[in-house]
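A.B. asks: Protein sequences, first through last, are from chains A and B. Under this note's numbering, read the first sequence as residues 1 to 273, first letter to last. Under this note's numbering, read the second sequence as residues 1001 to 1441, first letter to last. Note that beta-carbon positions come from the ideal geometry of N, C-alpha and C, so glycine has one too.
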Amino acid sequence: MRKKAGIWFYVFLSIFIFVTMFPFLWVFLTSIRPVNEIYSGFDWFTTNPSLQSYINAFETRPLLLYMWNSIAVSTLTTVLAISVASLSAYAVTRLPIKFKGTILGIVLAAAMFPQIAIISPIFNLIQSLGLRNSYLGLVIPYITISLPLAIWILATFFKKIPFELEESAKLDGATPFQTFRKIIFPLAAPGVFTTAILVFIAAWNEYLFALTINSDDNWRTIPVGLSMYQSEFTIPWGDITAATVVVTIPIVIVVLIFQRRIVAGLTSGSVKE
Amino acid sequence: MSGKKKKGFQLNERQLGYLMVAPALILIFAVTLWPVAQSFYNSMFDYRLNDPTRNQTTLSYQIDLERYADNYFYFERDVDSLAAADEEAADTAENIRSTIDDYHQQIVDSDSIGDQFAEVDQMVMEFDPVTDDDLRYGSINNDFSESYIDALEDVSEMLTSLSDQTEDEQVQEAVNSLDGTVDQIDRSMIRPNFIGLSNYATYLTEARTWQSLWNTVFFTVVSVFFELTIGLAVALVINRAFIGRGAVRAAVLIPWAIPTAVSAMMWSYLYDGQFGIIAHYFEQLGLISDASVLLSTGSGAMFSIILADVWKTMPYMALLLLAGLQTISGSLYEAAEVDGAGRFQQFLYITLPMLKSAILVALLFRTLDAFRVFDLIYVLTGGGPANATESISVYAYQVLFAQQNFGEGSVLSVITFVSVAIISVIFIKLIGSDLFDDKKA
């Protein structure tokens, strides 16, 4: 059923977009204010915009380093998690193995585990491996946390590929692994890419593990680093808003470019077609 | 058959299948299932990272060899000075010396830790600190340790009675010094820190645990309720053709995509009692008595957290429900219209039943997510004011990492895990098998 969109609809839409975007808008407006104006009133627009807050944000804390750490950790996580997950998703959807229900059940159960219930043994494990304050120390738990999501979404995508392709590959003498690598995986590329974006965002946003495992400032990721701008006595809102704008821009770009894919990935697991 | 895969060697499809799921299952086992079991195990110990005698879980006695060697050295000196102080005390001193030496010799001669002790003793004599924990702590036989500890306690009693009997200050001083050393030797024997379920007894009767559980449940129920109802309303409204779909999609995705910790920082600015615009407008509108109410009172802070969470996840909910709505065939509504069903009846008898599984799945994942809320609260309020917004995850984090108490913190971890398991079971019963049918096929 397609209803027509009337004038009230667009009014509603504008209000909705304004409300969801307001925090970003206000944070951006604050970030370009001269520092003394931030603490002196609630005017929306400043008459003399300044970049001082941005300079401060980069000077007081290693913001670029945080971003680099986040990029390294999230990229590594994405590549490894997708490799492992696509193998499992392929086996579960297209190979004649037993216990598929049990395997998917375990995967789904793992997605429900609260992170606080596993953090202390993981902390001990990472500590004993000597991996605290390193990329690998975060990547190992992140891969596992993102596996259920990745397997689940990839399985939906793999299932959509027609089975006839595999059969003709088999007739041509391809081994099952060749079929996976040369036929199914390339065909599922859009789905794989979608899953990769979701895994990347999940790893980028993770907080609890990053806070406990990489406690050295040189190894902090963006979410943890940003939350450390508050000092004990003063809250430098100028620096914080500027840093927020800086770290939000990459996400906005990713979302704008890939929005269709993200929506496809988010809704693929929950809606039956 | 060898498990190694080499060129030319072909696995059949089923073997390949098992090989392909193995890495994921091993990782899931090692990084989620095993740690949960470990948390449960740890919760039955008095296990503190910041206390060198309790920084691991152990069921057997251990000995802190550095402390032991150090104090045994003083013991010899102290017992000599006691023997020299008074003739009457000399007998007792000899008695004590022979008792302790007997046990000490057994440690020195021991196959398991004799060499280790010699090495540590050498380092102590040279005033080298023993930094290697494997060298410093040795495990000793439980029966031997218990009898040694008994002997040390007997010695301590003998010394106390000797000190009571004598008036001589020099003797008393020697006795006190020796008693202190004996006490130190006693402390170098590390008792097993298994304490069964007594951590649970402490935490399940503590008001703060129940307060944090209640906060978590309240937060989960209220925020998920608003996310669902507002999300459904938004999905219904935007389920039509219109210009600007891309803008709406982006507006919906950006709050979802930014890190929760970053959005919590943004909201803490907007709510700030002095400079926060939302707090300021709420005060002007008369919604709150004073701009500082939002973060400095318990109910204000809880409201703030819920609002921030609804803002961040309602759009995501709307997106999931919109996808569900779009799968409902338009002909159903047309048929209903022909039969004279009104808008509301259509919603009640077509939309809701058709959306049921999408709603339940979205609810399950949102509820579990909300129940383990950590970063939003940790960054926005830190659990304050006065623990009024402390969720069970935040409380567990405080005990685990701020207090470094892995034993007691694990109790809270296990409580969280059990609560989540109960919620999942209830939802899966509600959703029934239809969700998973096609996955298993």
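#1: Roughly how many angstroms lie between the CA atoms of A1421 (chain B) and V1182 (chain B), to the nearest whole one?
#2: On the DSSP bridge list, what partners appear for D1064 (chain B)?
#3: Residues of chain A with a CB under 9 Å from the CB of N1387 (chain B): which are they?
#4: Taking Cβ-Cβ distances shorter than 8 Å, what residues in chain B pair up with W219 (chain A)?
#5: So which residues on chain A does T1260 (chain B) lean against when the C-beta distance must stay under 8 Å?
#6: Measuring CB to CB, does V139 (chain A) end up less than 8 Å from V73 (chain A)?
#7: Could you check where the alpha helix (DSSP H) with M228 (chain A) kicks off and where it finishes?
#8: Pick helix, strand or coil for M1189 (chain B), following the three-state DSSP scheme.
#9: Spell out the partners DSSP gives R1048 (chain B) in its beta bridges.
#10: Within 10 angstroms of the Cβ of M1317 (chain B), are there 16 or more other Cβ atoms? Answer buried if so, exposed if not.
#11: Mind checking which residues open and close the alpha helix (DSSP H) that includes K170 (chain A)?
#12: Report buried or exposed for I1243 (chain B), applying the criterion of at least 16 other Cβ atoms within 10 angstroms of its Cβ.
#13: Please return the same chain residues whose Cβ sits closer than 7 Å to the Cβ of S1393 (chain B), not counting the five positions on each side in sequence.
#14: Measure the alpha-carbon distance for T1160 (chain B) versus R1077 (chain B) and round it to whole angstroms.
#15: Using 7 Å as the cut-off, classify the Cβ of E164 (chain A) as near or not near the heavy atoms of the ligand NAD, replying yes or no.
#16: Within 10 angstroms of its Cβ, does T93 (chain A) collect 16 or more other Cβ (buried), or is it exposed?
#17: Quick one: which residues of the stretch 1209-1229 of chain B get their C-beta closer than 7 Å to a C-beta of chain C? List them in chain order.
#18: Do the stretch 1073-1090 of chain B and the stretch 1170-1186 of chain B touch if we need at least three Cβ pairs shorter than 8 Å?
#19: Please list the terminal residues of the continuous alpha helix (DSSP H) segment that includes L104 (chain A).
#20: To be precise: take each residue of the stretch 1231-1260 of chain B, compare its Cβ to all Cβ atoms of chain A, and keep it if any distance is under 9 Å. Which residues remain?
#21: CB R979 (chain B) to CB Q1184 (chain B), shorter than 8 Å?
#22: Since F1194 (chain B) sits in a beta bridge, which residues does DSSP pair it with?
#23: Assign G1286 (chain B) to one of three DSSP states: helix, strand, or coil.
#24: Under the three-state reduction of DSSP, which class applies to F157 (chain A): helix, strand or coil?
#25: Counting pairs of Cβ atoms below 8 Å between the stretch 217-234 of chain A and the stretch 107-115 of chain A, do you hit three or more?
#26: Do S146 (chain A) and A81 (chain A) count as a contact pair if the criterion is CB distance below 8 Å?
#27: Can you find at least 3 beta carbon pairs, one from the stretch 129-143 of chain A and one from the stretch 208-222 of chain A, that sit closer than 8 Å?
#28: Pair every Cβ in the stretch 1251-1266 of chain B with every Cβ in the stretch 1305-1322 of chain B, then say whether three or more of these pairs are closer than 8 Å.
#29: Find the nearest neighbour of L1352 (chain B) within the set B:D1369, B:L1295, B:A1335, B:T1229, judged by alpha-carbon distance.
#30: When you compare the CB positions of L1380 (chain B) and I1423 (chain B), do they come within less than 8 Å of one another, or not?
#31: Do you know how far the Cα of L1363 (chain B) is from the Cα of T1057 (chain B)?
#32: Consider the Cβ of S74 (chain A): report whether some Cβ of chain B lies at a distance smaller than 8 Å.
#33: Tell me whether the stretch 1190-1206 of chain B and the stretch 1107-1126 of chain B touch, counting them as touching only if at least three CB pairs, one residue from each stretch, are closer than 8 Å.
#34: Closer than 8 Å, CB to CB, is E273 (chain A) near chain B or not?
#35: Where do the ends of the alpha helix (DSSP H) carrying P1023 (chain B) lie?
#36: Could you name the residues of chain B that V263 (chain A) contacts, counting a contact when the two beta carbons are closer than 8 Å?
C.D. replies: According to the data block:
#1: When rounded, the distance between both Cα atoms is 50 Å.
#2: Under the DSSP definition of a beta bridge, D1064 (chain B) partners with B:Y1137.
#3: Result: empty, since nearest Cβ-Cβ is about 17 Å, beyond 9 Å.
#4: The contacting residues do not exist; W219 (chain A) stays about 16 Å from chain B at best.
#5: Chain-order list of chain A residues neighbouring T1260 (chain B): N205, Y207, P223, by C-beta distance under 8 Å.
#6: Yes; because the gap between Cβ atoms is below 8 Å, this pair is in contact.
#7: Looking at the DSSP string, M228 (chain A) is not in any alpha helix (DSSP H), and its letter there is neither H nor E.
#8: Strand.
#9: R1048 (chain B) is bridged by DSSP to B:N1405.
#10: Its Cβ being crowded by 16 or more others within 10 Å, M1317 (chain B) is buried.
#11: Start and end: 163-171.
#12: I1243 (chain B) should be labelled exposed.
#13: Counting only Cβ-Cβ distances below 7 Å, and skipping sequence neighbours, we find R1372, V1373, F1374, T1416.
#14: If you draw a straight line from the Cα of T1160 (chain B) to the Cα of R1077 (chain B), it is about 19 Å long.
#15: Absence of the ligand NAD from the depicted structure is noted, as is the absence of any ligand whatsoever, leaving it without description.
#16: That one is buried.
#17: Annotation note: the requested chain C is absent from the structure, which comprises protein chains A and B.
#18: At 8 Å Cβ cutoff, the stretches touch.
#19: 100-112 is the span of the alpha helix (DSSP H), which, as asked, contains L104 (chain A).
#20: Those would be V1234, V1237, I1238, N1239, R1240, A1241, F1242, I1243, G1244, G1246, A1247, V1248, R1249, A1250, A1251, V1252, L1253, I1254, P1255, W1256, A1257, I1258, P1259, T1260, in chain order.
#21: Missing from the structure shown is residue 979 (chain B); chain B here goes from 1001 to 1441 and no further.
#22: For F1194 (chain B), the pairing in a beta bridge is given by DSSP as B:F1045.
#23: In the three-state scheme derived from DSSP, where H, G and I count as helix and E and B as strand, G1286 (chain B) is classed as coil.
#24: It is helical.
#25: Judged by Cβ distances under 8 Å, the stretch 217-234 of chain A makes no contact with the stretch 107-115 of chain A, as fewer than three pairs qualify.
#26: Yes, Cβ-Cβ distance for A81 (chain A) and S146 (chain A) is below 8 Å.
#27: The stretch 129-143 of chain A makes contact with the stretch 208-222 of chain A, as at least three CB pairs between them are under 8 Å.
#28: Yes, the stretch 1251-1266 of chain B is in contact with the stretch 1305-1322 of chain B.
#29: That would be B:T1229, whose Cα lies nearest to the Cα of L1352 (chain B).
#30: Against a cut-off of 8 Å, the Cβ pair of I1423 (chain B) and L1380 (chain B) comes out as no contact.
#31: Annotation: T1057 (chain B) to L1363 (chain B) spans about 39 Å, alpha carbon to alpha carbon.
#32: Chain B contact via Cβ: absent.
#33: These segments do not touch.
#34: Bear in mind that the predicted position of E273 (chain A) carries a pLDDT of just 39, short of 50, making it unreliable; the figure below should be weighed with that in mind. At least one chain B Cβ lies under 8 Å of E273 (chain A).
#35: Segment 1013-1028, the alpha helix (DSSP H) holding P1023 (chain B).
#36: Ordered by position in chain B, the residues that pass the 8 Å Cβ test against V263 (chain A) are R1249, L1253, L1319, A1323.
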